[in-house]
Amino acid sequence: MRTRGLGIIGTMNIAELLSRNPNPNEVALIDCSKTPASELSASQITRQMLIFAEWLRQAGFEAGSRVGLLAGNLGEYFTVMFGAPAAGMVFVPLNTRLPEETLKYIAKDADIKMLFCDDDHANFVSDIPTMTIGSKEWIDLMGGSPAESLAQVDPHDVAVQIYTSGSTGRPKGVLLSHENITFTVLEYGSTLPGEVMLVSAPLYHKNASMSSKLAFASGGKVVLLPQFSASAYLDAITSYGVTMCSGVPTMYALITAELHNSSEERDLSSVERVFIGSAPLTEALFDDIQDLFPTAFVTNGYGTTEAVLEFGPHPEGLERPKISLGYEHPDVELKLVDPISGAEGASGELWVKSKGVMLGYHGLPEVNAERLTDGWYHTGDLMKRDSDGWYFFVGRVDDMFVCAGENIYPDAVEQMLERHVEIHQAVVVPVADELKGQLPAAFIRCEADSVLSEAEVKDFALKNGPAYAHPRYVWFVDEIPLASTAKINRSALMRKAANLVNSNGGNS
218 MRTRGLGIIG TMNIAELLSR NPNPNEVALI DCSKTPASEL SASQITRQML IFAEWLRQAG
278 FEAGSRVGLL AGNLGEYFTV MFGAPAAGMV FVPLNTRLPE ETLKYIAKDA DIKMLFCDDD
338 HANFVSDIPT MTIGSKEWID LMGGSPAESL AQVDPHDVAV QIYTSGSTGR PKGVLLSHEN
398 ITFTVLEYGS TLPGEVMLVS APLYHKNASM SSKLAFASGG KVVLLPQFSA SAYLDAITSY
458 GVTMCSGVPT MYALITAELH NSSEERDLSS VERVFIGSAP LTEALFDDIQ DLFPTAFVTN
518 GYGTTEAVLE FGPHPEGLER PKISLGYEHP DVELKLVDPI SGAEGASGEL WVKSKGVMLG
578 YHGLPEVNAE RLTDGWYHTG DLMKRDSDGW YFFVGRVDDM FVCAGENIYP DAVEQMLERH
638 VEIHQAVVVP VADELKGQLP AAFIRCEADS VLSEAEVKDF ALKNGPAYAH PRYVWFVDEI
698 PLASTAKINR SALMRKAANL VNSNGGNS
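The numbering used here numbers the first residue of the sequence shown as 218 and each following residue consecutively.
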């Protein structure tokens, strides 16, 4: 489906997305980081953005300069997020959960010229000029005059340099152009007019920042929480009549647990859409979420930092299978490539080509050569496509491991285990084995009051999946550890599994 305005994307500065809002003087942001919550219209956010952009220009920063932000969720985040590109500069969001050493690496790698931070990070030690949001300097800055116009940009100029989590090495700076972002927002935004969007994931994460841009550009409203908590999330839905929720699977797992353990009545009937992304979704969790929001359209979304828009509805109007990611979007090219043979087929690594694909990784020509081929981005995600054209996530190329010559995809084993009525969540990781190379091990989070045993888990796996994939070790845990992006921290669980095996032969 073609959307309004795509013909002018080539000249759009991403800051212009705010001007696309058809209701510029109505409330566009409810900032719950303030007490009481503050409200701003799109025109007010635009004015603050232009004041910030003019200050950057007057301060002498050149076009293309990197402007960093180290802060939690607060309304001023959008001032910097939109203000730097409005001045023709590049916005660099920093992950507040990273250790200081990694933050310093990113600041140096990006060559950040000016860093803005919140009170919690005002003591960040750096030789970069720094300003704290809310300080006297900031108040003086925001008392200035707004820029008269946005910087003119080329569609391929870098707008945002966002760093990956670095789970497999140093964080990599993903270069997103003005065209990458405006293409994605306008394509998605045309289908989401007037939504009240609840955002609680960190704004340095693409899921949250993109959700906010979608709402602002389409006449919707963002309800911004300072951080995620299940109770605050549910309270916000009730208080503000939220119509669309966006988050990662682990967030919704915590929400369902909160509701099951709480006697408080909450009205969730306003929710019409639930968008789940950034990590694999299981059918069990899908069903839990659908039970929470029985009249809502629950969508298993997909998008990488390097490319967002891949999937859409079926052109023939077919109902989407529960955990399908969708059908190939008409303005995107997709193919599945065998990571070993390079042959195309109905299963393999997803490659994507579109206006939403990144320009590349900052300063990493060898990695760019590996991950980009003639405009095709190699996602590293293994998928399959059924006979109707629906795509399904299988696992990560990097997560796959080999047991006695058999390829094991942890996500597939986890989905199988989570079909057990007493298993709320399962995470499968490899442990070293002298005979078979690697063996699957499972961390299991059970439903309340479960008395499930290790033997029962193994027996269920043997009856419902290939024998080579059944977990040889099973450990029951109260919580699954999360990484800084709210995804499962597989690296931490792999280390824990290795320690358990080495210390006591795998007995928990």
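Every residue, glycine too, gets a C-beta built ideally from N, C-alpha and C.
Next item on the list: Take E233 and list the residues in its own chain whose beta-carbon comes closer than 7 Å to its own, dropping the five residues that flank it on each side.
Entry: These residues qualify, in order along the chain: L367.
Notebook entry, point to check: Among the residues of its own chain, which have a CB less than 7 Å from the CB of E639, if the five just before and after it don't count?
Noted result: Counting only Cβ-Cβ distances below 7 Å, and skipping sequence neighbours, we find C663, E664, S667 and L669.
Note to self: Considering only the alpha carbon of each residue, which of S394, A621 and L431 lies closest to P657?
What the structure shows: Taking only the C-alpha atoms, the option nearest P657 is A621.
Note to self: Quick check on the burial criterion: 16 or more other C-beta atoms within 10 angstroms. Buried or exposed for E651?
What the structure shows: Exposed.
Checklist line | Reference R490, options I398, S428, L442 and L441, closest by Cα | finding: Minimum Cα distance to R490 is reached at S428.
Check: Within 10 angstroms of its Cβ, does I661 collect 16 or more other Cβ (buried), or is it exposed?
Finding: For I661, the number of other beta carbons within 10 angstroms of its own is at least 16, and it is reported as buried.
Check: Is there at least one Cβ from chain B nearer than 8 Å to G436's Cβ?
Finding: The structure shown contains no chain B; it is built from a single protein chain.
Margin query: Between the alpha carbons of N719 and D695, how many angstroms are there, rounded?
Written below: Taken atom to atom, the span from the alpha-carbon of N719 to that of D695 is near 22 Å.
Next item on the list: Specify whether the region 586-606 and the region 561-570 touch according to this definition: at least 3 beta carbon pairs, one from each stretch, less than 8 Å apart.
Entry: Taking a cut-off of 8 Å on C-beta distances, the region 586-606 touches the region 561-570, as three or more cross pairs fall below it.
Item checked: Exposure of V619, with buried meaning 16 or more beta-carbon neighbours within 10 Å -> So V619 ends up on the exposed side.
Margin query: Suppose contacts are defined by Cβ-Cβ distances below 8 Å. Is H395 in contact with M266 by that definition?
Written below: 8 Å or more divides the Cβ of H395 from the Cβ of M266.
Checklist line | Helix, strand or coil at T521 [DSSP, three-state] | finding: Three-state DSSP puts T521 in coil, outside helix and strand.
Next item on the list: Using three-state DSSP, classify V638 as helix, strand or coil.
Entry: In this structure, DSSP gives V638 a state outside helix and strand, which the three-state scheme calls coil.
Note to self: Need the endpoints of the alpha helix (DSSP H) that M186 sits in, please.
What the structure shows: Because the chain is modelled from 218 through 725, residue 186 falls outside the range shown and cannot be assessed.
Note to self: For K539, count the other beta carbons within 10 Å of its own beta carbon; 16 or more makes it buried, fewer makes it exposed. Which is it?
What the structure shows: The C-beta of K539 has fewer than 16 other C-beta atoms within 10 Å across all chains shown, which makes the residue exposed.
Notebook entry, point to check: D616 and P627: beta carbons closer than 8 Å?
Noted result: In contact: D616 and P627 (Cβ atoms closer than 8 Å).
Item checked: Where Y626 sits in the DSSP three-state scheme -> In this structure, Y626 counts as coil in the three-state DSSP scheme.
Item checked: K570 - partner residues in DSSP beta bridges -> Answer by DSSP bridge pairing, in chain order: E550.
Next item on the list: State the start and end residues of the unbroken alpha helix (DSSP H) segment that holds V718.
Entry: First-last of the alpha helix (DSSP H) with V718: R707 to N721.
Checklist line | Complete runs of the alpha helix (DSSP H) confined to the region 338-408 [at least 4 residues] | finding: If we require 4 residues or more, the alpha helix (DSSP H) runs fully inside the region 338-408 come out as 353-359 and 395-406.
Item checked: Distance between I472 and D484 (C-alpha atoms, nearest Å) -> Whole-angstrom Cα-Cα distance: 14 Å.
Next item on the list: Between the Cα of T521 and those of E673, S558 and V465, spot the shortest distance and give me the residue it belongs to.
Entry: Minimum Cα distance to T521 is reached at V465.
Check: In three-state DSSP terms, what is A232?
Finding: Three-state result, A232: helix.
Next item on the list: List the DSSP bridge partners of M266.
Entry: M266 is not bridged to any residue.
Next item on the list: Let me know the secondary structure DSSP gives G654 once reduced to three states.
Entry: Strand, per DSSP.
Next item on the list: With DSSP as the reference, please indicate the residues paired to M414 in a beta bridge.
Entry: Partner(s): V439 and M461.
Note to self: Using only the alpha-carbon positions, how far apart do V377 and E671 sit?
What the structure shows: Approximately 47 Å, taken between the alpha carbons.
Notebook entry, point to check: On the three-state DSSP scale, how would you describe D452?
Noted result: Of the three classes helix, strand and coil, the one that applies to D452 here is helix, per DSSP.
Note to self: Suppose the cutoff is 8 Å on Cβ atoms and the five residues either side in sequence are ignored; what does the same chain contact list for A192 look like?
What the structure shows: A query on residue 192 cannot be resolved here, the shown segment of the chain reaching from 218 to 725 and no further.
Check: In chain order, what residues of the same chain lie with their CB nearer than 8 Å to the CB of M348, ignoring the 5 residues before and after it?
Finding: M331, L332, F333, C334, E354, W355 and L358, listed in sequence order.
Check: What are the boundary residues of the alpha helix (DSSP H) that F677 is part of?
Finding: It spans E671 to N681 - the alpha helix (DSSP H) in which F677 sits, taken as one unbroken run.
Check: Using the C-alpha atoms, what's the distance from E561 back to R274?
Finding: Roughly 49 Å between the two C-alpha positions.
Next item on the list: Within its chain, find whatever has a CB closer than 6 Å to the CB of T401; leave out the 5 residues flanking it on each side and keep chain order.
Entry: So the list reads V525, L526 and G573, once near-sequence residues are dropped.
Check: Which class does S255 belong to by DSSP, given the choice of helix, strand or coil?
Finding: Residue state for S255 is assigned as strand, using DSSP reduced to three classes.
Checklist line | Whole-number beta carbon distance between G390 and Y380, since they are thought to touch under 8 Å | finding: A Cβ-Cβ separation of about 5 Å places Y380 in contact with G390 under the 8 Å criterion.
Check: In terms of residues, what are the limits of the beta strand (DSSP E) holding I557?
Finding: That residue, I557, is in no beta strand (DSSP E); it is neither H nor E in DSSP.
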